[in-house]
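Here is the structure we will look at.
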Amino acid sequence: MCTEVDWDRVWQEDVSGVSGSVHASLEVKNTSASGRGVWAAAPLKAGELLVAERALAVAKEMDLSQVLVKMQADLAPLDWKRLNLMCDGEDMPAFPGAVPLPAWPREAYPRCPERCSPEHAISLQRMRRIVDLNAYRCASPVSEYAFVDGEPQRSEEERHESYGVFPVASLFNHTCTPNMSKVLLADWVFLRAAREISPGEELTQFYCDIRMPVDMRQKELKDLFGFTCDCPRCCFELSLQKAERGLLEPWTRLYSSEVPGFHDRGPIQISQLEGIVCEAEAAAKMALRRGSKEASAESDEVREKWLLWPLVPAFQQLAMRLRLDGRRAESMDFWERAESLARAVVPLSNIHLRIHAEMLLTRCSKDLLEQNLRMVAAAFGGGAAVWQRLFGFRMTKEVADLANTFSLVPEPAMIYYQWTRLPSTTDMLTVWSAAFERQSEIAVDVSPDTLHVSAPGALEKTIRHHFKTVDSIVTKFSKRRRCLTLQIPSEADSAGPGGVERAAATS
Numbered sequence: 001m002c003t004e005v006d007w008d009r010v011w012q013e014d015v016s017g018v019s020g021s022v023h024a025s026l027e028v029k030n031t032s033a034s035g036r037g038v039w040a041a042a043p044l045k046a047g048e049l050l051v052a053e054r055a056l057a058v059a060k061e062m063d064l065s066q067v068l069v070k071m072q073a074d075l076a077p078l079d080w081k082r083l084n085l086m087c088d089g090e091d092m093p094a095f096p097g098a099v100p101l102p103a104w105p106r107e108a109y110p111r112c113p114e115r116c117s118p119e120h121a122i123s124l125q126r127m128r129r130i131v132d133l134n135a136y137r138c139a140s141p142v143s144e145y146a147f148v149d150g151e152p153q154r155s156e157e158e159r160h161e162s163y164g165v166f167p168v169a170s171l172f173n174h175t176c177t178p179n180m181s182k183v184l185l186a187d188w189v190f191l192r193a194a195r196e197i198s199p200g201e202e203l204t205q206f207y208c209d210i211r212m213p214v215d216m217r218q219k220e221l222k223d224l225f226g227f228t229c230d231c232p233r234c235c236f237e238l239s240l241q242k243a244e245r246g247l248l249e250p251w252t253r254l255y256s257s258e259v260p261g262f263h264d265r266g267p268i269q270i271s272q273l274e275g276i277v278c279e280a281e282a283a284a285k286m287a288l289r290r291g292s293k294e295a296s297a298e299s300d301e302v303r304e305k306w307l308l309w310p311l312v313p314a315f316q317q318l319a320m321r322l323r324l325d326g327r328r329a330e331s332m333d334f335w336e337r338a339e340s341l342a343r344a345v346v347p348l349s350n351i352h353l354r355i356h357a358e359m360l361l362t363r364c365s366k367d368l369l370e371q372n373l374r375m376v377a378a379a380f381g382g383g384a385a386v387w388q389r390l391f392g393f394r395m396t397k398e399v400a401d402l403a404n405t406f407s408l409v410p411e412p413a414m415i416y417y418q419w420t421r422l423p424s425t426t427d428m429l430t431v432w433s434a435a436f437e438r439q440s441e442i443a444v445d446v447s448p449d450t451l452h453v454s455a456p457g458a459l460e461k462t463i464r465h466h467f468k469t470v471d472s473i474v475t476k477f478s479k480r481r482r483c484l485t486l487q488i489p490s491e492a493d494s495a496g497p498g499g500v501e502r503a504a505a506t507s
């Protein structure tokens, strides 16, 4: 049975008090329709913790080719036929250093803890498949399998991005309308009920970006996991697209980024973007009215939300642009529509909570703040303190004043940065933070070797870089992206971005 823990400590990245657990009301079954999966044996409430699992092993993403060589040798005697596991849909790159299959015995046999016959051997492709079907991306110290003999040691920063193997969490099947939420923290995964779940209902997660239209989802699932999803949402969308492909063209074009200015393709006026979004939404609704009349257990309202869900990125961008333009009522309308779709398709997911937080920033009210607190408690286990840590850095003064009635105070935001070498002898420094509101409030103190960046509501950042000219820096600020760029002349013999010494943030 899953036991509750001190989630305030957990979200301060102290997981010492967490123990692995599985809810007592879960049953693992095999069915002809979906194979092995997990079902609810009793009613489950939204927010109930179903699985808390620590990674069986963690390895750096780009080191997996070397990991597999060692794992082949160490684990070949085991019965791998039992491992038919699943993952979250991250597409891992091809293994550039993978050992060709004919050379495998020369590499693997010397590492064997005990001799095993060739019939126990497993191909690299088989091993890659097992890791693919087991892995979640996480951030954690790596396991012993992450570095094989003779491989140079990596820095802590290089070890940070990694994959973890979670056998229990991997038992849950995919659907494009999941009923669980998933949170990854360090080398732990936490699965919770995202809504009320009835006895006998299968518990599901998603393996791919389910904001994609059905043809893109189907291709990704087939390419990465070797199956074709036949969930009710996929069947409905495939049937509708077959019948009304022409009518759905504006809807398809918007998501696939063929519209100039969408998904960072260039500037576009708010009125143009609004027209494109509304045209796509109207086309989708018209196609639904004219499309498939097949009997369905889902209502027209539910199917409409499925169909409009891929437009959520467009709704979000338009809502953000309208808010920056001072048109808060119109912005709120699009945030509310996006939140309604998220609640129907991916309740209590990160995207659902982010959209709801944007609603609070757009229209500050006690009701919205209380809703947000309840959602965070259901999704992450904690209450006000967890909300403060996860969303406090986004608080405006208005929200902060309201939050004070709940004994909340804003968390300072981190400042992030990235160096880019331009074709000329110029380096571009990009600095961004959720706390950046206007350029006049961002202080950049420059000396020949360091830059100190600070802003209200942000932790000060010290950035070290070797350059000599400091009197001709060109700056540009994007309020929409909360990003400041600095073009800094550099000299041919300077260290450049490759020689940057990065200092830790100081408060």
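Sequence positions in the sequence shown follow full-length UniProt numbering and run 1 to 507.
Built from N, CA and C at the ideal position, the CB exists for glycine as well.
Exposed unless 16 or more other CB atoms sit within 10 angstroms - verdict on residue i
| i | result |
| --- | --- |
| residue 474 | exposed |
| residue 207 | buried |
| residue 317 | buried |
| residue 326 | exposed |
| residue 7 | buried |
| residue 422 | exposed |
| residue 310 | buried |
| residue 370 | exposed |
| residue 472 | exposed |
| residue 218 | buried |
| residue 461 | buried |
| residue 85 | Model confidence at residue 85 stands at a pLDDT of 37, short of 50, so the residue's coordinates are unreliable; what they give is reported in the following sentence. The residue is buried, with at least 16 neighbouring Cβ atoms inside 10 Å. |
| residue 175 | buried |
| residue 339 | buried |
| residue 324 | exposed |
| residue 5 | buried |
| residue 337 | buried |
| residue 281 | buried |
| residue 427 | buried |
| residue 13 | exposed |
| residue 241 | buried |
| residue 41 | exposed |
| residue 435 | buried |
| residue 329 | exposed |
C-beta atoms of residue i and residue j nearer than 8 Å
| i | j | result |
| --- | --- | --- |
| residue 197 | residue 43 | yes |
| residue 286 | residue 480 | no |
| residue 433 | residue 414 | yes |
| residue 390 | residue 376 | yes |
| residue 517 | residue 250 | Outside the shown range of the chain, which is 1 to 507, sits residue 517, and nothing can be said about it. |
| residue 248 | residue 284 | yes |
| residue 45 | residue 194 | no |
| residue 11 | residue 380 | yes |
| residue 385 | residue 373 | no |
| residue 463 | residue 455 | no |
| residue 302 | residue 243 | no |
| residue 368 | residue 431 | no |
| residue 465 | residue 486 | no |
Integer Cβ distance of residue i from residue j, believed to fall under 8 Å
| i | j | result |
| --- | --- | --- |
| residue 226 | residue 58 | About 25 Å; that fails the 8 Å criterion. |
| residue 348 | residue 181 | 4 Å |
| residue 429 | residue 488 | 6 Å |
| residue 178 | residue 204 | 5 Å |
| residue 412 | residue 457 | 6 Å |
| residue 202 | residue 37 | 5 Å |
| residue 173 | residue 34 | 5 Å |
| residue 335 | residue 355 | 6 Å |
| residue 528 | residue 210 | In the structure as shown, the chain begins at 1 and stops at 507. Residue 528 is therefore absent and cannot be evaluated. |
| residue 276 | residue 254 | 6 Å |
Check whether the region 298-311 touches the region 222-241, counting contact only when three or more Cβ pairs, one atom from each stretch, lie closer than 8 Å. yes
contact_flag[the region 18-35, the region 43-55] where n(CB pairs < 8 Å) is 3 or more: yes
Any contact between the region 179-193 and the region 213-225? By contact I mean 3 or more CB pairs, one from each, below 8 Å. no
Would you call the region 23-40 in contact with the region 356-372, where contact means no fewer than 3 C-beta pairs closer than 8 Å? no
With a floor of 4 residues, list each alpha helix (DSSP H) that falls wholly inside the region 200-248, ordered by position along the chain. 214-225 and 232-244
Whole alpha helix (DSSP H) elements within the region 297-384, 4-residue minimum: 300-308, 312-324, 328-345, 350-362 and 366-380
Start-end ranges of the beta strand (DSSP E) lying completely within the region 436-473, minimum 3 residues: 443-446, 450-454 and 461-464
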